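Chains as they are written, first to last, in the working numbering: chain A, 290 to 487; chain B, 4 to 191.
A virtual CB, placed ideally from N, CA and C, is assigned to each residue, including glycine.
These numbers were taken from a predicted model, which means no experiment stands behind them.
Below you'll find the structure, written out as structure tokens, and then a few comments.
Below you can see the structure in the form of structure tokens.
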């Protein structure tokens, strides 16, 4: 797990970037930090216990990456390929994902809550015990995925496809759904009401 | 510090293993069920369960004690003096203890049960059945629900928004996510 060290900038509550004294927003040399992280991710394909919030990542191939206990909250990802990645106990809350692919990933105990997803695909993935509550999603594809115990409560789902998914204990309480397809999925085992949750 | 997450289909509960990098003495929170996967998680990371923290006495958070206590010589901490015939070191509201080299503070948040403790370790909050992603714990009466909501309002919501929340059931979350999207808290 990343160290919970706060940014030393006055009145900043963000966690500092791993091995730095400040958060990314207050880093003196953002460019270098960003470069080092991208280099690690694209070359070594493995990152553990790392914190870098509010970053911006464009046009990257992060396929087959292994992320454990990482914090990338409030980040922006555009045209990023996460295919076949393994993401565990990592935090991406309140981030923006545009044209990103997460196909055939494994996500366990990870948090994407409050994020915006546009034109993204998670098809063929195992997304277990992951938190997508409050996401704002448009044109998002979860087809052929296992979503056991994953939480979409209070999410806004527009043109989202859950075809042929395992939805056992998948939580859709108070979600807004427009053009959402559950074709061939066990939606009767998903949770849509307070009574279902009990 | 490392945090490991273990899910058991028995009781659909989460157990958390917390220890220092490199192994050694470690803390286990809410062993609802002891299975081979959890044992492997402990042993593969060279941990010895020296301390067990229970968020409350309900079986889905404590049943694993029977096997665990046969394997490890652990001290149990909770708000009740005895749980399943095991002697417990009682923690009360505001207790701060150093366990396995890790500082743990406990806060009593009654409502779901009278003995519900939440444990804070650095910026991680282990909330048991007090606060979960998208909802608060179930209660037996409207009075208990009011007590639970008030306790959360007074003791948890003032914490830093970046606090990571690890509940007894369901997915991890953060305090700010819950402030934004937990419909039960919007009634506060």
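Roughly how many angstroms lie between the CA atoms of residue i and residue j, to the nearest whole one?
i: residue 92(B); j: residue 396(A); result: 37 Å
i: residue 125(B); j: residue 139(B); result: 22 Å
i: residue 289(A); j: residue 360(A); result: Chain A is shown from 290 up to 487; residue 289(A) falls before or after that span and cannot be answered.
i: residue 424(A); j: residue 5(B); result: 28 Å
i: residue 375(A); j: residue 168(B); result: 22 Å
i: residue 378(A); j: residue 20(B); result: 13 Å
i: residue 107(B); j: residue 100(B); result: 5 Å
i: residue 306(A); j: residue 50(B); result: 28 Å
i: residue 178(B); j: residue 184(B); result: 10 Å
i: residue 324(A); j: residue 54(B); result: 42 Å
i: residue 319(A); j: residue 82(B); result: 47 Å
i: residue 76(B); j: residue 10(B); result: 23 Å
i: residue 453(A); j: residue 479(A); result: 13 Å
i: residue 331(A); j: residue 349(A); result: 8 Å
i: residue 474(A); j: residue 110(B); result: 42 Å
i: residue 280(A); j: residue 156(B); result: No answer is possible for residue 280(A): the residues shown for chain A start at 290 and end at 487.
i: residue 389(A); j: residue 413(A); result: 15 Å
i: residue 80(B); j: residue 95(B); result: 10 Å
i: residue 312(A); j: residue 443(A); result: 29 Å
i: residue 158(B); j: residue 472(A); result: 44 Å
i: residue 410(A); j: residue 296(A); result: 34 Å
i: residue 401(A); j: residue 343(A); result: 14 Å
i: residue 476(A); j: residue 56(B); result: 36 Å
i: residue 316(A); j: residue 482(A); result: 45 Å
i: residue 117(B); j: residue 59(B); result: 8 Å
i: residue 235(A); j: residue 430(A); result: Because chain A spans 290 through 487 in this model, residue 235(A) falls outside it and cannot be assessed.
i: residue 66(B); j: residue 440(A); result: 26 Å
What are the boundary residues of the beta strand (DSSP E) that residue i is part of?
i: residue 446(A); result: 445-450
i: residue 377(A); result: 375-377
i: residue 395(A); result: 395-397
i: residue 16(B); result: 16-22
i: residue 55(B); result: 50-56
i: residue 101(B); result: 99-102
i: residue 400(A); result: Here residue 400(A) belongs to no beta strand (DSSP E), and DSSP marks it neither H nor E.
i: residue 472(A); result: Segment: none, residue 472(A) is in no beta strand (DSSP E) and carries neither H nor E.
i: residue 359(A); result: 355-360
i: residue 122(B); result: 120-124
i: residue 349(A); result: 345-350
Mapping the DSSP letters down to three states, classify residue i as helix, strand or coil.
i: residue 113(B); result: coil
i: residue 108(B); result: strand
i: residue 457(A); result: coil
i: residue 332(A); result: helix
i: residue 483(A); result: helix
i: residue 467(A); result: strand
i: residue 385(A); result: strand
i: residue 64(B); result: helix
i: residue 147(B); result: helix
i: residue 367(A); result: strand
i: residue 90(B); result: strand
i: residue 300(A); result: coil
i: residue 294(A); result: coil
i: residue 157(B); result: helix
i: residue 76(B); result: coil
i: residue 187(B); result: helix
Locate the alpha helix (DSSP H) running through residue i, then write down its first and last residues.
i: residue 405(A); result: No alpha helix (DSSP H) contains residue 405(A), which is instead part of the beta strand (DSSP E) from 405-410.
i: residue 319(A); result: 319-328
i: residue 6(B); result: Segment 5-11 is the beta strand (DSSP E) holding residue 6(B); no alpha helix (DSSP H) there.
i: residue 182(B); result: 178-184
i: residue 46(B); result: 39-47
Could you name the residues of chain B that residue i contacts, counting a contact when the two beta carbons are closer than 7 Å?
i: residue 463(A); result: 186
i: residue 460(A); result: 137
i: residue 402(A); result: 176, 180, 184
Listing by chain order, which chain A residues have their CB less than 7 Å from the CB of residue i?
i: residue 125(B); result: 293
i: residue 136(B); result: 420, 422, 440
i: residue 163(B); result: 302
Starting from the beta carbon of residue i, find every residue of chain A whose beta carbon is closer than 9 Å, and list them in chain order.
i: residue 109(B); result: Residues of chain A passing the Cβ test: none, with the nearest at roughly 18 Å.
i: residue 10(B); result: 397, 398, 417, 418, 438
For residue i, which residues does DSSP report across the bridge?
i: residue 170(B); result: 131(B)
i: residue 478(A); result: According to DSSP, which records beta bridges pairwise, residue 478(A) is partnered with nothing at all.
i: residue 440(A); result: 420(A), 460(A)
i: residue 426(A); result: 406(A), 446(A)
i: residue 28(B); result: 51(B)
i: residue 312(A); result: In the DSSP output, where bridge partners are listed per residue, residue 312(A) has none listed.
Please list, in chain order, the chain A residues whose beta carbon lies closer than 8 Å to that of residue i.
i: residue 140(B); result: Within chain A, no residue comes near residue 140(B); the closest Cβ sits about 11 Å away, beyond 8 Å.
What residues from chain B crowd round residue i, counting only those whose CB sits closer than 9 Å?
i: residue 382(A); result: 176, 177, 179, 180
i: residue 443(A); result: 137, 183, 184, 185, 186
i: residue 378(A); result: 6, 7, 8, 175
If the cut is a Cβ gap below 8 Å, which residues of chain B does residue i touch?
i: residue 306(A); result: Those within 8 Å of residue 306(A) in chain B number zero; the least Cβ separation is about 14 Å.
i: residue 413(A); result: Within chain B, no residue comes near residue 413(A); the closest Cβ sits about 21 Å away, beyond 8 Å.
i: residue 486(A); result: 138
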